[in-house]
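Structure record follows, encoded as structure tokens.
There are 4 protein chains.
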Amino acid sequence: MIAVHMNPEKCSFSLQLRVRNFEVDWQGIVHNANYLHYFEIGRIEYLKHVGIPVDMRSIQSDSKVVVVRNEIDYRSPALFDELLEVYTRVSFIRSTSFAFEGMILEERSRRLIAENLAIHVWLDPVTDRPVRVTEAFRSRIRAFEGRNVEFLPE
Amino acid sequence: MIAVHMNPEKCSFSLQLRVRNFEVDWQGIVHNANYLHYFEIGRIEYLKHVGIPVDMRSIQSDSKVVVVRNEIDYRSPALFDELLEVYTRVSFIRSTSFAFEGMILEERSRRLIAENLAIHVWLDPVTDRPVRVTEAFRSRIRAFEGRNVEFLPE
Amino acid sequence: MIAVHMNPEKCSFSLQLRVRNFEVDWQGIVHNANYLHYFEIGRIEYLKHVGIPVDMRSIQSDSKVVVVRNEIDYRSPALFDELLEVYTRVSFIRSTSFAFEGMILEERSRRLIAENLAIHVWLDPVTDRPVRVTEAFRSRIRAFEGRNVEFLPE
Amino acid sequence: MIAVHMNPEKCSFSLQLRVRNFEVDWQGIVHNANYLHYFEIGRIEYLKHVGIPVDMRSIQSDSKVVVVRNEIDYRSPALFDELLEVYTRVSFIRSTSFAFEGMILEERSRRLIAENLAIHVWLDPVTDRPVRVTEAFRSRIRAFEGRNVEFLPE
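Residue numbers (my numbering), protein chains in the order written: chain H, 1 to 154; chain C, 1001 to 1154; chain A, 2001 to 2154; chain W, 3001 to 3154.
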């Protein structure tokens, strides 16, 4: 479990999203599955921002990255038309896997909405077996995150 | 983290779902957020099955139950048109919270697709503060789950 | 505009769907975009039923079929947990296009929920230009629909 | 059917949307149901822009507006990460109904992506029977659209 809250000051990248009416469920709050969309938008834009191309063709040919685990903590429900601030960072890189952390705040009140840990694994696109996270990815993340990203042996 | 796989034999309730084409993403596999829909269908049908009415009006008036945490482990991607078996159970009930566990197998191959732990909290519908899980809910779950559900003090 | 209601008796194929909680919006009714999912499930299952394989690989290699127009008439909102009967048929086949009609009734009350006309075009997978609907498709539909499908010259 | 293309110059309001990866289907293009989300975002932001509050509580108490018909023409598929320009306008107001038109262009190439006509009906929130579109709504739209909106007797 995520014992303590993520620290948004460790996040060098954020973006803003507007809550849409069709994301709100019968309880009048954003449906719990939609936060995975928000966090994923954060990850995609993060990758574009640090210069790692996200392209369906390149993903399927050169390499294949899949999500193997998602943890989401819902702190306070987001409401229709609220503006959300989505913070995203890579927190660690292991041999064949790495972790994205995400955190959502409501823009005006700085109310904490939700937190996410998403573990990704690098696969060989032919055999589907885990392979070492590429040096290209490691160096891009290191250049952007600096001391905020941990490189773990295993 | 879920250290070991859920045991489907502890699940007295399951249902079947067909993977739909619009749930499959550009990688040709079910998009990671859609599994939350599958697990939630499992929970709703479980509640109906054990005799706990799920009605938007009753939820909003008498009581209010919200998801505060979701953990999903993606074991093997589900593919278009596969028939999935969704196992659901309540694994523990604490003072003001309880846990649903879910497990998805592909029907033919018994391939493990994904696992879920979803922590729910019971709220006072007026103050939004946690309140004790109702006796009605506890006794229904006890009657259905028998010794498979744990009642924890805190 | 669809001047008159579709006739469900012309439909030799139907299936049942349960309305899920996450398909219901803040107004307490199924969100208007979700009916397109229901109708599409009807079309996919129709194709499987009449023996036309629906496979993402075959679609992308041998042929390519795209939706070019959707008309949806919302007659009565569907509600959480209702069981819907989705009727589907191919109503006409032109040179390079064909039409699917769909109709949704609530199972118990036979209340008319929504109607759909979806025009599809057959494309050359390389040039993306319209090509003649294949003989294989025409003969399968003719065999299943009999006199209920119209073959139009243009 | 929409005989001719909408004229974007008649639209005094537009917004930009980024195509997200989870909106792209197995064919590598935006799934046909997601355009309804894009057009609806256009309508909601249009209403906010012209000063008509969109609030789930006000909708359910004072008045009730529902979509009764949607027409979508798919002109060219939108692709992952494209920036879309969504044009929205109210084209006519009848006694108890009104029409929103929408048009989506790809921002860079000005490629026409899709067009939409969405007919809405004003309902009495108690009886659910059509009632006259309010004067408040009519005057707001007239003030914003000027001669581009038609007021039709029936």
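The beta carbon of each residue, even a glycine, is placed where N, CA and C say it ideally should be.
Since the model is a prediction, treat every value here as computed from it, not as a measurement.
- With a threshold of 16 other beta carbon atoms within 10 Å, Phe1098/C meets it and is buried.
- The distance from the Cβ of Val67/H to that of Leu123/H is about 11 Å, inconsistent with a contact at the 8 Å cut-off.
- For Ser2076/A, no beta strand (DSSP E) segment is defined, and its DSSP state is neither H nor E.
- Think of a sphere of 7 Å around the beta carbon of Phe3022/W: the chain C residues whose beta carbon falls inside it are Asp1025, His1031 and Ala1033, in chain order.
- Pairing Pro130/H with Thr96/H gives a Cβ-Cβ distance under 8 Å.
- Taking each of Ala78/H, Glu45/H and Ser14/H in turn and checking the Cα distance to Val30/H, the smallest one comes out for Ala78/H.
- Secondary-structure assignment with DSSP links His1120/C through a beta bridge to Val1067/C and Phe1098/C.
- Between the alpha carbons of Ile41/H and Asn116/H lies a distance of about 13 Å.
- Between Arg1069/C and Ile119/H, the gap from beta carbon to beta carbon reaches 8 Å or more.
- Judged by their CB atoms, Ser2014/A and Tyr2074/A are not nearer to each other than the 8 Å cut-off.
- Bounds of any alpha helix (DSSP H) do not take in Leu2152/A, whose DSSP letter is neither H nor E.
- According to the DSSP assignment, Ile3093/W belongs to no alpha helix (DSSP H) but to the beta strand (DSSP E) extending over Leu3083 to Ile3093.
- Beta-bridge annotation (DSSP): Ser2014/A is paired with Tyr2087/A.
- Taking a beta-carbon distance threshold of 8 Å, Glu3107/W does not count as an interface residue toward chain H.
- By the Cβ-count criterion, Phe3151/W is exposed, with fewer than 16 other Cβ atoms from all chains shown falling within 10 Å of its own Cβ.
- About 16 Å separates the CB atoms of Glu3101/W and Leu3084/W; that is not less than 8 Å, and the two are not in contact.
- Interface flag for Phe2080/A against chain H is set, since a Cβ pair is found closer than 8 Å.
- Rounded to whole angstroms, Val1121/C and Val19/H show a C-alpha spacing of 24 Å.
- Across the structure, His1037/C and Glu2023/A are spaced so that their CA atoms are roughly 10 Å apart.
- Per DSSP, reduced to three states, the secondary structure at Ala2033/A is coil, with no helix or strand assignment.
- Secondary structure note for Glu135/H: its alpha helix (DSSP H) is the uninterrupted segment Glu135 to Glu145.
- Each residue's CA atom was taken as its position, placing Phe80/H and Leu17/H some 11 Å apart.
- Using a CB distance cut-off of 8 Å, Gly42/H does not count as an interface residue toward chain A.
- If the five residues before and after Leu2047/A are omitted, its C-beta is found closer than 7 Å to the C-beta atoms of Val2054, all from its own chain and listed in chain order.
- Neighbourhood of His3120/W in chain H, by CB distance below 9 Å: empty, with the nearest CB roughly 14 Å away.
- Using a CB distance cut-off of 8 Å, His2049/A does not count as an interface residue toward chain C.
- When CB distances to chain A are screened at a threshold of 9 Å, the residues of the stretch 3065–3078 of chain W falling below it are Val3066, Val3067, Val3068, Arg3069, Asn3070, Glu3071, Ile3072, Asp3073, Tyr3074, Arg3075 and Pro3077, in chain order.
- In the three-state DSSP reduction, Glu3115/W falls in the strand class (E or B).
- Chain order gives no chain H residues near Leu1152/C, where near means a beta carbon separation below 9 Å; the closest approach is about 15 Å.
- By alpha-carbon distance to Thr127/H, the top candidate from Phe144/H, Ser63/H, Ala136/H and Arg110/H is Ser63/H.
- Counting only residues of its own chain and dropping the five nearest sequence neighbours on each side, Phe2144/A has a CB closer than 7 Å to the CB of Ser2012 and Val2050.
- Residue state for Ile1052/C is assigned as coil, using DSSP reduced to three classes.
- Scanning its chain for C-beta atoms nearer than 6 Å, with the 5 sequence neighbours on each side dropped, one finds around Arg1111/C the residues Ser1076, in chain order.
- Residues of chain W with a Cβ closer than 9 Å to the Cβ of Gly1102/C do not exist, since the nearest Cβ in that chain sits about 21 Å away.
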